[in-house]
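Colleague: In our numbering, the protein residues as written are 7 to 437. The C-beta atom is built at its ideal place from N, Cα and C for all residues, glycine as well. This one's a predicted model, so the numbers in the text were calculated from it and none came from an experiment.
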Ligand SMILES: [Zn+2]
Ligand SMILES: [Zn+2]
């Protein structure tokens, strides 16, 4: 135990349970506040006079006064308190900590209602002797619990509010939703179980976050640069204009049964819930498998050119740009507007509507960059079972609307959301 010898025992607060191994500062601070009969919001200005709690991410920027005050009144050394924050990953997951900018693999948590950067495992919380949040639950590439083998949650299953450790409801603890008061521990709250392959990827990424270099082909890459490259590729797979094609090809290569439209498309890649994210991570990791063969092969297949691949405002790691320059810079075959328009005329003469799918079939080539040249699929011509909300057919308008809103809150498209609801209902019946 790293208790500091108190100079004056009157300094010590009555509630001063020490931090649990791997706990975050925000979780420990909340526990200290609650054990002294205060809310975190009440205790914070006592520690840092004049400051307001919710403007800060305590796990990224722990105020010096807070650390000193907690140390003085709990007897835990300042050094130990300083280890409870995300600076532990400085030099591995990120290279600097600019005050107002976002970190790629550590989305904001608790500062606003749409910040889903705090994840939890309800089953681990249920098993805790002292309920506490783990530091690695803040990492965006962590979507699974390696102990209980389930998918983490980042929002309340009842109201969709983000998990916010500093906003515990009156009279509640860390296991309650700050927005509706619901308990994260009641019933089946996780988003399902995970495959061993996903757990393995996560274990590897955590070891890189711990400082291990990554071997890509013949070279070893520093963790910071690896995470930078991985984030760039993750964005391409998750939310770029090539995302649908990339996901289809990579799912085929990984042997993942991915239904079309089962992952929503967000421009802000931090918005993916853990279920979607663990699939996207598996697909992204497939892209760097057998480096750089898979990357080159997949990029060629979906028509992802060097220019589009490297088109970013940020510096990209040398190993990525080197491979792209070497393998994807030659003038490659690309369909022109004229080719696509000529193919459209052929289809029309045959009486077939030139939709993207039909054109792609005829030309035997993908062209996401020119997708707009194809005709959209008209709603009424979509056969039953293919339009976006077909799973809600035959349901009353009120229930349909409520289901659409609930799926949106959960960060899901309607298909996977309905499947989750049915799975929970069926599991409930088995018991
Ligand atoms: Zn767990
Ligand atoms: Zn809630």
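In chain order, what residues place their C-beta within less than 6 Å of a heavy atom belonging to ligand 1?
Modeller: Answer in sequence order: 127, 129, 130, 151, 153, 154.
Colleague: Compute the minimum distance between the beta carbon of residue 164 and the heavy atoms of ligand 2, and state whether it is under 8 Å.
Modeller: Within the cutoff, so yes.
Colleague: I want to check one thing, is the minimum distance from the CB of residue 186 to the heavy atoms of ligand 2 below 8 Å?
Modeller: The answer is yes for residue 186.
Colleague: Using 8 Å as the Cβ pair cut-off and three pairs as the minimum, do the stretch 269-284 and the stretch 230-246 touch?
Modeller: Short answer: they touch.
Colleague: So, is residue 451 buried or exposed, given that buried needs 16 or more other C-beta atoms within 10 angstroms?
Modeller: Any question about residue 451 goes unanswered here, given that the chain covers just 7 to 437.
Colleague: Taking the straight line between their C-alpha atoms, what separation do you get for residue 7 and residue 130?
Modeller: At residue 7 the pLDDT is 48, less than 50, meaning the model places this residue with poor confidence; the figure from the coordinates comes in the next sentence. If you take the alpha carbons of residue 7 and residue 130, they lie about 23 Å apart.
Colleague: Could you check if residue 432 is buried or exposed, using at least 16 other CB atoms within 10 Å of its CB as the buried criterion?
Modeller: Burial call: exposed.
Colleague: With DSSP as the reference, please indicate the residues paired to residue 226 in a beta bridge.
Modeller: Looking at the DSSP assignment, residue 226 forms a beta bridge with 221.
Colleague: Considering just the uninterrupted stretch of the alpha helix (DSSP H) at residue 303, what are its terminal residues?
Modeller: Run containing residue 303: 299-308, per the alpha helix (DSSP H) assignment.
Colleague: For residue 91, does the three-state DSSP call read helix, strand or coil?
Modeller: Coil.
Colleague: Run the proximity test for residue 116: is its beta-carbon closer than 8 Å to any non-hydrogen atom belonging to ligand 2?
Modeller: No, ligand 2 has no heavy atom inside 8 Å of this Cβ.
Colleague: Determine the DSSP secondary structure at residue 248, reduced to helix, strand or coil.
Modeller: Three-state DSSP puts residue 248 in coil, outside helix and strand.
Colleague: Within the same chain, show all residues whose beta-carbon is closer than 6 Å to that of residue 6, passing over the 5 residues directly before and after it, in chain order.
Modeller: There is simply no residue 6 to check, as the chain begins at 7 and stops at 437 in what is shown.
Colleague: Quick one: give me the first and last residue of the alpha helix (DSSP H) that residue 74 is part of.
Modeller: Start and end: 70-80.
Colleague: For residue 45, collect the residues of the same chain with a Cβ closer than 8 Å to its Cβ; drop the 5 residues on either side in sequence, then sort them by chain order.
Modeller: So the list reads 39, 174, 176, once near-sequence residues are dropped.
Colleague: How would you label residue 48, buried or exposed, when you count the other beta carbons within 10 angstroms and need 16 or more for buried?
Modeller: Counting Cβ neighbours within 10 Å, residue 48 comes out exposed, since fewer than 16 surround it.
Colleague: Under the rule that 16 or more other beta-carbon atoms within 10 Å means buried, what is residue 330, buried or exposed?
Modeller: Its Cβ being crowded by 16 or more others within 10 Å, residue 330 is buried.
Colleague: With three or more beta-carbon pairs closer than 8 Å as the criterion, would you say the stretch 197-213 touches the stretch 142-149?
Modeller: Cβ pair count under 8 Å is three or more, so yes.
Colleague: Kindly confirm or deny that the stretch 85-102 and the stretch 223-232 touch, where touching means at least three C-beta pairs closer than 8 Å.
Modeller: At 8 Å Cβ cutoff, the stretches touch.
Colleague: Under 8 Å Cβ to Cβ from residue 102, same chain only, skipping five residues before and after it: list those, please.
Modeller: Once the five neighbours on either side are set aside, the close Cβ partners of residue 102 are 96.
Colleague: Going by Cα to Cα distance, which pick from 402, 52, 157 is closest to residue 204?
Modeller: Answer by Cα proximity: 157.
Colleague: For residue 407, count neighbouring Cβ atoms within 10 angstroms of its own Cβ and tell me buried if that reaches 16, exposed if not.
Modeller: Exposed, since its Cβ has fewer than 16 Cβ neighbours within 10 Å.
Colleague: Find the nearest neighbour of residue 56 within the set 72, 258, 88, 345, judged by alpha-carbon distance.
Modeller: If we check each option's Cα against that of residue 56, 72 comes out closest.
Colleague: Opposite residue 199 in the DSSP bridges: which residues?
Modeller: Answer is 156, bridged to residue 199.
Colleague: By how many angstroms is the C-alpha of residue 369 removed from the C-alpha of residue 3?
Modeller: Residue 3 cannot be examined here, being either before or after the span of the chain that is shown, 7 to 437.
Colleague: Compare the beta carbon distance of residue 286 and residue 240 with 9 Å and say whether it is the shorter of the two.
Modeller: Contact: yes.
Colleague: From which residue to which residue does the alpha helix (DSSP H) around residue 35 run?
Modeller: Note, residue 35: alpha helix (DSSP H), 31-41.
Colleague: Return yes when the Cβ of residue 125 is within less than 9 Å of the Cβ of residue 280, no when it is not.
Modeller: Result yes, Cβ atoms of residue 280 and residue 125 sit closer than 9 Å.
Colleague: Counting pairs of Cβ atoms below 8 Å between the stretch 16-27 and the stretch 74-81, do you hit three or more?
Modeller: The stretch 16-27, when compared against the stretch 74-81, does touch it at the 8 Å Cβ threshold.
Colleague: Give every residue of the same chain whose Cβ lies closer than 8 Å to the Cβ of residue 361, excluding the five residues on either side of it in the sequence, and list them in chain order.
Modeller: Within the same chain, residue 361 has close Cβ partners 380, 381, 382, 383.
Colleague: DSSP state of residue 66, grouped into three classes?
Modeller: Residue state, collapsed to three classes: coil.
Colleague: Between which two residues does the alpha helix (DSSP H) holding residue 362 run?
Modeller: Element bounds for residue 362: 362-369.
Colleague: Run the proximity test for residue 167: is its beta-carbon closer than 8 Å to any non-hydrogen atom belonging to ligand 2?
Modeller: Under cutoff, so the answer is yes.
Colleague: Is residue 183 near ligand 4, going by C-beta to nearest heavy atom under 8 Å?
Modeller: Within the structure as shown, ligand 4 is missing, the only ligands being ligand 1 and ligand 2.
Colleague: Going by CA-CA distance only, name the one from 63, 113, 150 that's closest to residue 201.
Modeller: Checking every option, the nearest Cα to that of residue 201 belongs to 150.
Colleague: Suppose you measure from the CA of residue 136 to the CA of residue 181; what does that come to, to the nearest Å?
Modeller: Approximately 11 Å, taken between the alpha carbons.
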